[in-house]
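Have a look at the structure below before the remarks.
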Amino acid sequence: METYKSLEIWTAQTLCDLGILASVISCLLHIGRPYFERILSRFTLRVAADLWWMMYVLLRDGSLFLAVLFGFLNLNLDLMADIKIGLPFIPFGTVALAAALAVKVFHNTEDINKAFRFTTYLVVIGGVFNIVGYVFVMEGPGSEYAVAQTAFWQTLHSWRSNKNPELSVMTFYSSFLMLSVIGVFAVVKAVRLYSKLIKEGSKNVQS
(Lines of atoms letter the chains of each structure in order from A and count residues from 1; the text may use other names and numbers.)
(Lines give C-alpha, C1' and ligand atoms only; values in the text may rest on other atoms or scores of the structure.)
Protein backbone atom coordinates (compact mmCIF):
# COMPACT_ATOMS: atom_id res chain seq x y z
CA MET A 1 0.00 0.00 0.00
CA GLU A 2 2.85 2.40 0.87
CA THR A 3 4.56 1.60 -2.43
CA TYR A 4 1.36 2.39 -4.34
CA LYS A 5 0.95 5.68 -2.48
CA SER A 6 4.56 6.65 -3.11
CA LEU A 7 4.15 5.87 -6.80
CA GLU A 8 0.98 7.97 -6.91
CA ILE A 9 2.74 10.93 -5.28
CA TRP A 10 5.76 10.62 -7.59
CA THR A 11 3.54 10.44 -10.67
CA ALA A 12 1.39 13.39 -9.61
CA GLN A 13 4.42 15.53 -8.78
CA THR A 14 6.08 14.64 -12.08
CA LEU A 15 2.93 15.55 -14.06
CA CYS A 16 2.70 18.82 -12.18
CA ASP A 17 6.31 19.66 -13.02
CA LEU A 18 5.81 18.64 -16.66
CA GLY A 19 2.74 20.87 -16.86
CA ILE A 20 4.79 23.82 -15.61
CA LEU A 21 7.51 23.06 -18.17
CA ALA A 22 4.91 22.79 -20.95
CA SER A 23 3.45 26.18 -19.99
CA VAL A 24 6.90 27.78 -20.18
CA ILE A 25 7.52 26.20 -23.60
CA SER A 26 4.16 27.44 -24.88
CA CYS A 27 4.84 30.90 -23.48
CA LEU A 28 8.21 31.09 -25.23
CA LEU A 29 6.72 29.87 -28.49
CA HIS A 30 3.95 32.46 -28.35
CA ILE A 31 6.26 35.40 -27.76
CA GLY A 32 8.81 33.94 -30.19
CA ARG A 33 6.40 34.01 -33.14
CA PRO A 34 8.37 36.74 -35.01
CA TYR A 35 11.36 34.39 -35.21
CA PHE A 36 9.30 31.60 -36.77
CA GLU A 37 7.69 34.03 -39.21
CA ARG A 38 11.09 35.39 -40.19
CA ILE A 39 12.38 31.89 -40.94
CA LEU A 40 9.12 31.09 -42.74
CA SER A 41 9.64 33.96 -45.17
CA ARG A 42 12.96 32.47 -46.27
CA PHE A 43 11.54 29.18 -47.50
CA THR A 44 11.25 29.03 -51.27
CA LEU A 45 9.24 25.79 -51.34
CA ARG A 46 5.59 25.98 -50.27
CA VAL A 47 5.72 22.47 -48.82
CA ALA A 48 8.69 23.30 -46.59
CA ALA A 49 6.99 26.50 -45.41
CA ASP A 50 3.79 24.63 -44.59
CA LEU A 51 5.69 21.97 -42.64
CA TRP A 52 7.63 24.61 -40.71
CA TRP A 53 4.47 26.50 -39.71
CA MET A 54 2.59 23.29 -38.90
CA MET A 55 5.41 22.21 -36.59
CA TYR A 56 5.33 25.59 -34.88
CA VAL A 57 1.57 25.55 -34.33
CA LEU A 58 1.65 21.93 -33.15
CA LEU A 59 4.36 22.63 -30.57
CA ARG A 60 2.84 25.94 -29.47
CA ASP A 61 -0.75 24.82 -29.01
CA GLY A 62 0.13 21.22 -28.09
CA SER A 63 2.28 22.36 -25.17
CA LEU A 64 -0.52 24.72 -24.11
CA PHE A 65 -3.02 21.86 -24.13
CA LEU A 66 -0.69 19.62 -22.08
CA ALA A 67 -0.08 22.42 -19.58
CA VAL A 68 -3.82 22.86 -19.05
CA LEU A 69 -4.42 19.11 -18.86
CA PHE A 70 -1.66 18.40 -16.33
CA GLY A 71 -2.60 21.47 -14.31
CA PHE A 72 -6.23 20.37 -14.16
CA LEU A 73 -5.30 16.82 -13.14
CA ASN A 74 -3.50 18.11 -10.05
CA LEU A 75 -6.23 20.58 -9.10
CA ASN A 76 -7.89 18.44 -6.44
CA LEU A 77 -7.62 18.54 -2.67
CA ASP A 78 -6.43 14.94 -2.26
CA LEU A 79 -3.35 15.39 -4.43
CA MET A 80 -2.75 18.92 -3.18
CA ALA A 81 -2.32 17.46 0.29
CA ASP A 82 0.23 14.89 -0.94
CA ILE A 83 2.44 16.89 -3.32
CA LYS A 84 3.86 20.39 -3.21
CA ILE A 85 2.08 22.86 -5.46
CA GLY A 86 2.99 26.52 -5.34
CA LEU A 87 -0.12 28.31 -4.11
CA PRO A 88 -1.86 30.24 -5.40
CA PHE A 89 0.34 30.69 -8.46
CA ILE A 90 0.17 27.25 -10.10
CA PRO A 91 -3.65 26.85 -9.97
CA PHE A 92 -4.21 30.45 -11.11
CA GLY A 93 -1.69 29.89 -13.87
CA THR A 94 -3.76 26.90 -15.02
CA VAL A 95 -6.86 29.12 -15.09
CA ALA A 96 -5.10 31.69 -17.29
CA LEU A 97 -3.87 28.98 -19.66
CA ALA A 98 -7.32 27.38 -19.82
CA ALA A 99 -8.84 30.75 -20.71
CA ALA A 100 -6.25 31.18 -23.47
CA LEU A 101 -7.03 27.72 -24.84
CA ALA A 102 -10.77 28.43 -24.84
CA VAL A 103 -10.28 31.66 -26.77
CA LYS A 104 -8.04 29.88 -29.27
CA VAL A 105 -10.70 27.24 -29.93
CA PHE A 106 -13.51 29.68 -30.72
CA HIS A 107 -11.71 32.71 -32.16
CA ASN A 108 -9.19 33.36 -34.91
CA THR A 109 -5.88 33.79 -33.12
CA GLU A 110 -3.63 33.00 -36.08
CA ASP A 111 -3.81 36.51 -37.50
CA ILE A 112 -2.37 39.47 -35.61
CA ASN A 113 -5.58 40.77 -34.08
CA LYS A 114 -7.24 41.46 -30.74
CA ALA A 115 -7.88 37.76 -30.00
CA PHE A 116 -4.24 36.92 -30.75
CA ARG A 117 -2.94 39.60 -28.39
CA PHE A 118 -5.41 38.59 -25.67
CA THR A 119 -4.42 34.91 -25.79
CA THR A 120 -0.74 35.82 -25.82
CA TYR A 121 -1.21 37.93 -22.70
CA LEU A 122 -3.03 35.06 -20.98
CA VAL A 123 -0.35 32.53 -21.90
CA VAL A 124 2.39 34.84 -20.66
CA ILE A 125 0.52 35.42 -17.39
CA GLY A 126 0.02 31.69 -16.96
CA GLY A 127 3.68 30.99 -17.70
CA VAL A 128 4.90 33.68 -15.29
CA PHE A 129 2.59 32.41 -12.54
CA ASN A 130 3.92 28.87 -13.02
CA ILE A 131 7.54 30.01 -13.00
CA VAL A 132 7.05 32.06 -9.82
CA GLY A 133 5.17 29.22 -8.12
CA TYR A 134 7.81 26.67 -9.09
CA VAL A 135 10.99 28.65 -8.42
CA PHE A 136 9.99 30.60 -5.32
CA VAL A 137 7.41 28.38 -3.62
CA MET A 138 7.87 24.75 -4.69
CA GLU A 139 11.64 24.74 -5.08
CA GLY A 140 12.75 27.50 -2.75
CA PRO A 141 15.98 27.17 -0.74
CA GLY A 142 16.10 24.24 1.67
CA SER A 143 17.39 24.00 5.22
CA GLU A 144 21.00 23.82 3.98
CA TYR A 145 20.75 27.53 3.08
CA ALA A 146 20.85 30.09 5.89
CA VAL A 147 18.62 32.41 3.85
CA ALA A 148 15.84 29.81 4.08
CA GLN A 149 15.28 30.86 7.70
CA THR A 150 14.34 34.41 6.78
CA ALA A 151 10.72 35.54 7.04
CA PHE A 152 10.45 35.96 3.26
CA TRP A 153 11.36 32.39 2.39
CA GLN A 154 9.52 30.94 5.37
CA THR A 155 6.36 32.66 4.15
CA LEU A 156 6.82 31.28 0.63
CA HIS A 157 7.46 27.78 1.99
CA SER A 158 4.19 28.00 3.90
CA TRP A 159 2.37 28.49 0.58
CA ARG A 160 3.11 24.93 -0.50
CA SER A 161 -0.11 22.97 -0.81
CA ASN A 162 1.04 20.08 1.39
CA LYS A 163 1.90 22.51 4.19
CA ASN A 164 -1.09 24.84 4.09
CA PRO A 165 -4.47 23.07 3.86
CA GLU A 166 -6.42 26.28 4.48
CA LEU A 167 -4.82 28.06 1.53
CA SER A 168 -5.23 24.89 -0.54
CA VAL A 169 -8.98 24.87 0.06
CA MET A 170 -9.41 28.57 -0.75
CA THR A 171 -7.27 28.25 -3.89
CA PHE A 172 -9.13 25.13 -4.99
CA TYR A 173 -12.57 26.74 -4.64
CA SER A 174 -11.59 29.96 -6.41
CA SER A 175 -9.71 28.16 -9.22
CA PHE A 176 -12.49 25.63 -9.74
CA LEU A 177 -15.05 28.43 -9.90
CA MET A 178 -13.08 30.29 -12.55
CA LEU A 179 -12.50 27.09 -14.54
CA SER A 180 -16.24 26.38 -14.35
CA VAL A 181 -16.97 29.81 -15.82
CA ILE A 182 -14.53 29.08 -18.65
CA GLY A 183 -16.19 25.70 -19.19
CA VAL A 184 -19.66 27.26 -19.37
CA PHE A 185 -18.35 29.85 -21.82
CA ALA A 186 -16.92 27.08 -24.02
CA VAL A 187 -20.14 25.06 -23.95
CA VAL A 188 -22.30 28.08 -24.80
CA LYS A 189 -20.00 29.08 -27.66
CA ALA A 190 -20.01 25.53 -29.01
CA VAL A 191 -23.81 25.24 -28.87
CA ARG A 192 -24.24 28.58 -30.65
CA LEU A 193 -21.70 27.59 -33.29
CA TYR A 194 -23.39 24.24 -33.96
CA SER A 195 -26.83 25.87 -34.06
CA LYS A 196 -25.58 28.39 -36.60
CA LEU A 197 -24.09 25.64 -38.76
CA ILE A 198 -27.33 23.66 -38.63
CA LYS A 199 -29.38 26.70 -39.69
CA GLU A 200 -27.01 27.47 -42.54
CA GLY A 201 -27.15 23.83 -43.65
CA SER A 202 -30.96 23.88 -43.65
CA LYS A 203 -31.02 27.07 -45.75
CA ASN A 204 -28.63 25.53 -48.28
CA VAL A 205 -30.82 22.41 -48.57
CA GLN A 206 -33.97 24.48 -49.09
CA SER A 207 -32.32 26.63 -51.74
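Be aware that the sequence shown starts at 19, since it is given in our numbering, and climbs by one per residue.
From the three backbone atoms N, C-alpha and C, an ideal C-beta is built for every residue, glycine too.
Specify, as a first and last residue, the run of the alpha helix (DSSP H) that residue 136 falls within. Residue numbering aside, residue 136 sits at position 118 when the sequence shown is read from its first letter. Taken as a continuous stretch (DSSP letters only), the alpha helix (DSSP H) holding residue 136 covers 132-150.
Which residues in the same chain have their Cβ closer than 8 Å to the Cβ of residue 193, if we skip the five residues on either side of it in sequence? Start at 1 with the first residue of the sequence shown, and residue 193 comes out as number 175. Counting only Cβ-Cβ distances below 8 Å, and skipping sequence neighbours, we find 93, 106, 109, 110, 112, 113.
Taking C-beta to C-beta, are residue 45 and residue 142 nearer than 8 Å? In the sequence shown, residue 45 corresponds to position 27, counting from 1. In the sequence shown, residue 142 corresponds to position 124, counting from 1. Contact flag set, yes.
Just to confirm, are residue 89 and residue 152 a CB contact at a threshold of 8 Å? Taking the first residue of the sequence shown as 1, we reach residue 89 at position 71. Taking the first residue of the sequence shown as 1, we reach residue 152 at position 134. It is not a contact, given that the beta carbons lie outside the stated cut-off.
Measure from the alpha carbon of residue 148 to the alpha carbon of each residue in 30, 23, 27, 37, then state which is nearest. Here the question's residue 148 lines up with position 130 in the sequence shown. If we check each option's Cα against that of residue 148, 37 comes out closest.
Does residue 210 come out as helix, strand or coil in the three-state DSSP assignment? Along the sequence shown, one-based indexing puts residue 210 at 192. Three-state result, residue 210: helix.
Of the listed residues 70, 41, 56, nearest to residue 80 (C-alpha basis): Taking the sequence shown and counting its residues from 1, one reaches residue 80 at position 62. The closest CA to that of residue 80, considering only 70, 41, 56, is found on 41.
Apart from the five residues just before and just after residue 229, which ones in its own chain have a Cβ nearer than 8 Å to its Cβ? Shown here, the chain extends from 19 to 225; a query on residue 229 therefore has no answer.
Beta-carbon proximity of residue 138 to residue 57, cut-off 8 Å: Here residue 138 is taken as the residue at index 120 of the sequence shown, counted from 1. Here residue 57 is taken as the residue at index 39 of the sequence shown, counted from 1. Against a cut-off of 8 Å, the Cβ pair of residue 57 and residue 138 comes out as no contact.
Segment limits, alpha helix (DSSP H) that includes residue 78: Locating residue 78 in the sequence shown gives position 60, where the first residue counts as 1. Taken as a continuous stretch (DSSP letters only), the alpha helix (DSSP H) holding residue 78 covers 64-91.
What's the gap between the Cα of residue 208 and the Cα of residue 125? As a first step, residue 208 must be located in the sequence shown, where it is residue number 190. As a first step, residue 125 must be located in the sequence shown, where it is residue number 107. Going by the C-alpha atoms only, they are around 11 Å apart.
Under 8 Å between C-beta atoms of residue 275 and residue 213: Past the boundaries of the shown model lies residue 275; the chain is included only from 19 to 225, so the question cannot be answered.
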